[in-house]
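Sequence lines, in order, name chains A and B. Taking the working numbering, I'd label the letters of the first sequence as residues 3 to 311. Taking the working numbering, I'd label the letters of the second sequence as residues 3 to 311. Data first, discussion second: the structure below is written as structure tokens.
Protein chains: 2
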Amino acid sequence: MCGSHGSLELAYDEYRNQLLDAGLLLGSGVSGVYGLSGTFEGVIEAFEKLITRHGSPLNPEVMRFPPILNRKTYLSTDHIETMPDLMGSVHTFKGDQRAHLKLMQKKHADEDWTTELAPSDVMMVPAACYPLYPTAADSILPEEGRLVDLRAFVFRHEPSPDPARMQIFRQREFVKLGTPEQAHAHRDYWLEKGQEILTSVGLQVEAIIANDPFFGRGGRVMAATQQEQALKFELVTAVASEEKLTAISSSNCHLDHFGKEFNIKTSDGNDAHTACIGFGLERIALALFKKHGLDPDKWSPEVRGILEI
Amino acid sequence: MCGSHGSLELAYDEYRNQLLDAGLLLGSGVSGVYGLSGTFEGVIEAFEKLITRHGSPLNPEVMRFPPILNRKTYLSTDHIETMPDLMGSVHTFKGDQRAHLKLMQKKHADEDWTTELAPSDVMMVPAACYPLYPTAADSILPEEGRLVDLRAFVFRHEPSPDPARMQIFRQREFVKLGTPEQAHAHRDYWLEKGQEILTSVGLQVEAIIANDPFFGRGGRVMAATQQEQALKFELVTAVASEEKLTAISSSNCHLDHFGKEFNIKTSDGNDAHTACIGFGLERIALALFKKHGLDPDKWSPEVRGILEI
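Next comes the structure, spelled out in structure tokens:
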């Protein structure tokens with residue numbers, strides 16, 4: 003292990019243990035899967051209300067999707083191609099009593115009993131905006147486009163000792179569907195607004211061009227293109243480590259990717275462009291605890307005032 | 003199809019279509035999986051706050067778990083034995099580039115590509131209290147026991163045309179861990195309190211002994227025992243159908259089932275007993291829409307006052 007990697011692991015362990023000892027995180031025995039205390043959840047709720055106060059004047063449509071989505075919707079995106087290692091496919095038992103006996107025998111013999119399962123009709127949601135697009139499929143947008151306010155749990159199979167890299171977490175998003183100009187303006191508006199909101203609660207963030215972990219050789223090409231076109235920006239800050247900053251928000255232009263896939267048209271008959279801003283709620287809470295201490299009662303009156311806690 | 007079954011299906015279709023037309027539910031193409039509008043979510047939030055106002059004076063520990071739990075925790079319960087057909091096992095892709103090629107070839111050939119996946123370390127949460135028990139494992143409870151306030155998405159693979167039978171929904175729960183007397187008193191307290199809360203918002207509920215859908219032949223025995231011992235009560239009301247009432251809350255004594263399984267002891271050295279009350283949040287919102295109409299702005303001032311909306 004090289005020195006730098008070692009110190010990163012140490013930083014992850016140290017912050018994770020602090021959070022576990024303080025009872026803010028509750029261990030589950032699986033890396034990156036935690037329960038949250040009422041205090042932790044309270045910080046998320048307060049930050050969400052702050053986002054709502056900034057977002058409401060724009061009068062978005064509010065939609066809340068569950069953590070699972072139609073398997074067909076999942077397969078309409080290119081996620082299985084570009085990030086298969088992060089997916090969550092939900093399987094269940096569809097057999098009769100005799101098949102159940104076999105399942106239980108395998109389980110008791112410590113064999114892989116999941117071979118007796120069948121895929122269900124759903125997958126874990128990989129990004130909060132995925133379930134939105136089929137609801138807009140085969141539609142023509144109004145001239146001003148559509149603005150949607152989303153929140154959902156998203157799943158990413160990436161077990162990690164970094165407490166900020168959870169396998170399941172909530173994204174609060176604002177998505178614009180419209181012309182290229184409308185989508186672009188949305189991303190730029192929220193990139194600035196996001197910095198303003200995060201700075202207002204004492205988080206120093208820096209905007210960088212994102213570098214998503216696309217899978218395999220083809221993925222390296224995609225990552226290079228994403229960077230070259232500067233489509234996605236992340237707002238990064240120090241969470242568990244000062245050395246490796248953590249993205250707590252991201253702002254992404256999808257071009258006509260989803261518009262084409264789901265046949266969403268602008269009023270002038272072109273494929274709709276989409277763009278989204280996402281706030282990683284657990285990460286933002288973790289950044290606040292890192293910055294201001296583990297007890298929100300002791301945060302500065304200024305920060306508490308802005309969060310209305 | 004017998005007449006009664008037909009009229010039930012009609013009632014489900016009618017109410018589901020009303021909800022979809024009003025935009026309160028957003029269809030996903032999968033039975034029992036919906037997005038919710040801001041109005042729907044607002045009713046859930048308001049009802050949750052009402053529960054909090056009733057529960058907070060009891061000073062519970064607040065914990066919030068995500069929709070997935072450790073596969074080992076799942077297997078420590080008897081869910082795979084008693085309700086395997088409801089389970090959700092999360093699988094992912096763990097292969098290399100070559101294995102990915104095979105996955106994609108199967109997908110393009112419309113073959114079952116999920117055979118290329120491997121089980122992850124997590125399962126969908128089947129009941130909001132399951133992730134709690136391992137956090138209390140191998141512990142001795144204080145003399146007064148412990149009271150925990152939970153909310154989680156739970157998954158049940160039971161696709162249904164009944165809008166009130168969702169495959170994923172939120173349970174708000176209060177769980178008591180303690181002596182048999184403490185657990186019993188908790189269930190009885192909340193059975194009454196639950197009725198009081200639901201009645202206060204205009205829902206006529208009836209307490210009945212529950213009849214859980216245990217799997218197979220062994221399941222019929224379990225169901226009979228559960229009924230005989232009167233361990234679990236449900237508060238039922240008319241949601242989609244007047245004919246077949248819907249459980250919107252349930253109150254369950256687990257005896258020493260989880261105490262034994264997770265080695266949780268009372269201060270006098272015995273296996274802890276546990277009991278829980280759960281509120282089905284989506285179902286309660288659906289019951290409120292059915293009772294008071296689809297527009298909360300038009301609900302009576304009394305109900306709006308109690309919900310503080």
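Note that CB positions come from ideal geometry on N, CA and C, so glycine has one too.
Taking DSSP's pairing of strands, which residues face residue i in a bridge?
i      : result
Y36/A  : G29/A
E175/B : L152/B and G280/B
V238/B : E208/B and A249/B
E63/B  : V150/B
G180/B : H275/B
P121/A : H93/A
I170/B : F157/B
I142/A : K267/A
I199/B : Answer is none; I199/B lacks a bridge partner.
C255/A : A277/A
I70/A  : M126/A
Here's a check: name, in chain order, each residue in its chain whose Cβ is nearer than 7 angstroms to the Cβ of residue i, leaving out the five neighbours to either side.
i      : result
K51/A  : E310
K293/B : G204 and L205
L119/A : H93, T94 and F95
H159/B : D87, L88, M89, G90 and Q169
L71/A  : V124, M125, V127, Y132 and P133
L288/B : P165, A166 and V241
A232/B : I211
M3/A   : Because the pLDDT of M3/A is 42, which lies under 50, any placement of that residue in the model is unreliable, and the number read from its coordinates should be weighed accordingly. Result list for M3/A: empty, nothing under 7 angstroms.
Taking buried to mean at least 16 other C-beta atoms within 10 Å of its own C-beta, is residue i buried or exposed?
i      : result
H256/B : buried
V35/A  : buried
D164/A : buried
H188/B : buried
V223/A : exposed
L77/B  : exposed
S302/A : exposed
A111/B : exposed
G5/B   : Per-residue confidence for G5/B stands at a pLDDT of 47, beneath the threshold of 50, marking its modelled position as unreliable; the derived number appears in the next sentence. Exposed is the call here.
P133/A : buried
S122/A : buried
S58/A  : exposed
P144/A : exposed
L226/A : In the sequence as displayed, the identity of residue 226/A is Ala instead of Leu. Exposed, by the Cβ-count rule.
G307/A : exposed
R18/A  : buried
E385/B : Summary: the structure shown does not reach residue 385/B, with chain B confined to residues 3 through 311, and so no result is reported for it.
Only counting the same chain, and skipping five residues up and downstream in sequence, which positions put a Cβ closer than 6 angstroms to that of residue i?
i      : result
Y135/A : F260 and F264
L105/A : W115 and E118
P161/A : S33 and G34
Residue i: which of the options sits nearest, CA to CA?
i      : options                           : result
Q169/B : H93/B, V177/B, S122/B and P69/B   : P69/B
E175/A : E63/A, M125/A, L152/A and S302/A  : L152/A
V127/B : D190/B, H81/B, S251/B and A289/B  : H81/B
H102/A : L237/B, K246/B and G218/B         : G218/B
S141/A : G31/A, D112/A, H56/A and K262/A   : K262/A
I199/B : L28/B, F49/B and L26/B            : F49/B
T54/A  : D98/A, G280/A and L26/A           : G280/A
R172/A : E113/B, T116/B and A154/B         : A154/B
V177/B : T41/B, R66/B and L71/B            : R66/B
R167/B : S33/B, V45/B, T84/B and S58/B     : S33/B
G220/B : D15/B, L10/B and T84/B            : T84/B
R73/B  : G31/A, T41/A and K108/A           : G31/A
V305/A : T201/A, I250/A, A225/A and H275/A : T201/A
K195/B : S9/B, C278/B and A130/B           : C278/B
I286/A : A24/A, T239/A and T79/A           : T239/A
Q184/A : K300/A, G8/A, P298/A and A274/A   : A274/A
G271/B : K300/B, A129/B and T181/B         : T181/B
S269/A : P298/A, Y191/A and L179/A         : L179/A
H186/A : F216/A, A130/A, A129/A and D258/A : D258/A
A24/A  : S243/A, W192/A and F42/A          : F42/A
If you drop the 5 nearest sequence neighbours on each side, which residues of the same chain put their C-beta closer than 8 angstroms to that of residue i?
i      : result
E63/A  : R148, L149, V150 and D151
Q197/A : V207, A209 and L237
L28/A  : L22, Y36, G37, L38 and S39
K234/A : I211, A212, D214, Q228, S252, S253, N254 and C255
Q20/B  : L296
K108/B : D114, W115, T117 and E118
D15/A  : P163
W192/A : F176, S253 and I279
K267/B : S141, I142, L143, G261, D273 and A274
Using only the heavy atoms of the ligand FMN, determine whether one of them is closer than 7 angstroms to the beta carbon of residue i.
i      : result
L233/A : No copy of the ligand FMN occurs in the structure displayed, which carries no ligand at all.
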